[in-house]
Amino acid sequence: MRSVVVGAGIAGLVLAVELRRRGGDVTVVESRYPGAGNSTRNVGRVRRMQLTADLTEISCRASDLWARLDERTGGRNPLLYPTRYVWVLYGEDERAVVEPLQPMWDRYGARTRVVGSAAVLDAVPVLAGGDRPVGGVIGEAAIVHHDAAVYALYLRARETGVRFAVGDEVTHVDVTDGRAAGVVTASGRTIRGDVVVNAAGGRSGELARASGVAVPNAPIRREVLVTEPSRPFMTPAVTFYRPQEGWFNQTLRGELVAGVVDVDEPTGMTEESSLRFLGRTARVVLTKAPRLAELRVVRQWAGVYDTTPDKRPLVGEHDALPGFFALNGWSGRGILLAPLCAELLARQIAGHGRDSVLAGFDPNRFSGAETVAAVPGDYYSGYAH
Ligand SMILES: Cc1cc2nc3c(=O)[nH]c(=O)nc-3n(C[C@H](O)[C@H](O)[C@H](O)COP(=O)(O)OP(=O)(O)OC[C@H]3O[C@@H](n4cnc5c(N)ncnc54)[C@H](O)[C@@H]3O)c2cc1C
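Residues in the sequence shown are numbered from -1 upward in steps of one, following the numbering used here.
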């Protein structure tokens, strides 16, 4: 079986390694360089708890895979830092949403519990003096060093015989007799394959549509800032549950990384960071943790969330074009979910059937909706109810 994988981010690289491990002939086409996209523009959070049963089940499985990802990298260390994840709650209505989830989290082994405000302040002392939390959710998590993980997978793919065509952009899928038969690139090459997998990250919706397949995913910018290092003052990854998706954590080097989402961010492929983001993030973070005011921001960057209307990925074969597979639409969860989904998709492509956890990620579930409106409201409430 010859496979062409478009995109050398975490999704395309794990898929390539897994297809090759099953004896496939694999070519990865990457328009820039491996890891140029969101797989090195994220903050590497891998958490077990989610707000719905289906996402919690797959997140627990995905977290377990991350803990042994070195089995997929030829023993190279992806530098996974085990820690805790804290959703900080500021309203009783927020607590009312999460408290009933405890039995579901216990059922799937999310290793998560709802706690009171004292436990939150104990876990994240730097919140003292800011807006007073009413409680929180604390769960097991990890932070991935994304450069190490991407590079380990790239080296593994190369040493196992995956071919790379780097610096060439796929313009569309080549269709023969109603099936995907390879890809056509901007340099005029046609690269043949029995299967084409779209792992093009924020540009995967554009590639599918250019190939005649109507999909609803679209990129939405997300930004990150980093401060100068300071002495260690916290270990968990923190997210303010609502109303604005703000979050921060301290890296092992002592830098604070933080970001606050603009709920009105328009869709569009941009990797330019903005001054508005800096102001917005500083305002929200200092309201919650005033003591952080002494840290100086030294850099910031942007990537995109490849976003679907229901914030669930697209993983599987397109009905409209047999042989063309989606491995995208991560909606902000690709570091967590892509390795597991890529592994399961490789098994499916190799003829071993579809794993039940992929049923909700069927790429045909939107029946041809062409565009996504900007995501209304905050990220979490979008899928909480
Ligand atoms: C600020 C930010 C923070 C995030 N934090 C987290 C987090 O904490 N946890 C988490 O789970 N996820 C997080 N994410 C999401 C995560 O980074 C992505 O979901 C994940 O990296 C997607 O990987 P990918 O391989 O699908 O895409 P990418 O890494 O974007 O790779 C796609 C590749 O395809 C290439 N490409 C695109 N079009 C073409 C073409 N036509 N031809 C050839 N090559 C092409 C691109 O150059 C790119 O290298 C975050 C994202 C951002 C932006």
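Just so you know, even glycine gets a beta-carbon here, dropped at the ideal spot from N, CA and C.
All of these numbers come straight from a predicted model, not from anything done at the bench.
Along the length of the segment 138 to 210, whole beta strand (DSSP E) runs at least 3 residues long occupy 161 to 164, 168 to 174, 177 to 183, 188 to 190 and 193 to 196, reported in chain order. Taking 4 residues as the shortest admissible run, the segment 36 to 107 contains the following complete alpha helix (DSSP H) segments, listed from N- to C-terminal end: 51 to 65, 90 to 96 and 100 to 106. Of Gly358, Phe364, Ser365 and Gly321, the smallest CA-CA separation from Glu55 is found for Gly358. In terms of Cα proximity to Pro311, the closest of Asp317, Glu270, Asp360 and Gly321 is Asp360. Within a 10 Å sphere around the beta-carbon of Ala126 sit fewer than 16 other beta-carbons, which makes this residue exposed. The way I'd put it, the segment 57 to 72 does touch the segment 326 to 344; three or more beta-carbon pairs between them come closer than 8 Å. In the assembly as shown, Glu226 is an exposed residue. Its beta-carbon has fewer than 16 other beta-carbons within 10 Å. Between Arg70 and Ala155, the C-beta spacing is not below 8 Å. Contact check between the segment 133 to 152 and the segment 70 to 79: three or more CB pairs, one atom from each, fall below 8 Å, which counts as touching. The shortest C-alpha to C-alpha distance from Trp299 to any of Thr268, Phe323, Thr285 and Gly327 is the one to Thr268. Here Thr25 is buried. Its C-beta has 16 or more other C-beta atoms within 10 Å. Scanning Thr249, Ser115 and Pro101 for the CA closest to the CA of Val41 turns up Thr249. Between the alpha carbons of Gly128 and Arg278 lies a distance of about 16 Å. Ligand 1 has no heavy atom closer than 7 Å to the beta-carbon of Tyr239. Distance between Thr237 and Tyr83, taken at the CA atoms: about 8 Å. About 6 Å separates the beta carbons of Pro234 and Thr81, which is inside the 8 Å limit, making them a contact pair. Remark: fewer than three beta-carbon pairs, one from each stretch, lie closer than 8 Å, so the segment 185 to 195 and the segment 212 to 220 are not flagged as touching. Assignment of Glu263 by DSSP, reduced to helix, strand and coil, places it in the coil class. Per DSSP, reduced to three states, the secondary structure at Pro234 is coil, with no helix or strand assignment. Taken through DSSP and simplified to helix, strand or coil, Pro214 comes out as coil.
Going by beta carbons, Glu16 and Ala336 fall outside the 8 Å limit. When DSSP assignments are scanned along the segment 267 to 309, the uninterrupted stretches of beta strand (DSSP E) that are 3 or more residues long and fall wholly within it turn out to be 295 to 305. For Thr169, the CB contacts under 6 Å within the same chain, skipping 5 residues up- and downstream, are Val182 and Ala184 in chain order.
No heavy atom of ligand 1 is found nearer than 7 Å to the CB of Asn247.
Membership of Ser1 in the beta strand (DSSP E) is indicated by the continuous run Arg0 to Val4. As far as DSSP is concerned, Glu341 takes part in no beta bridge.
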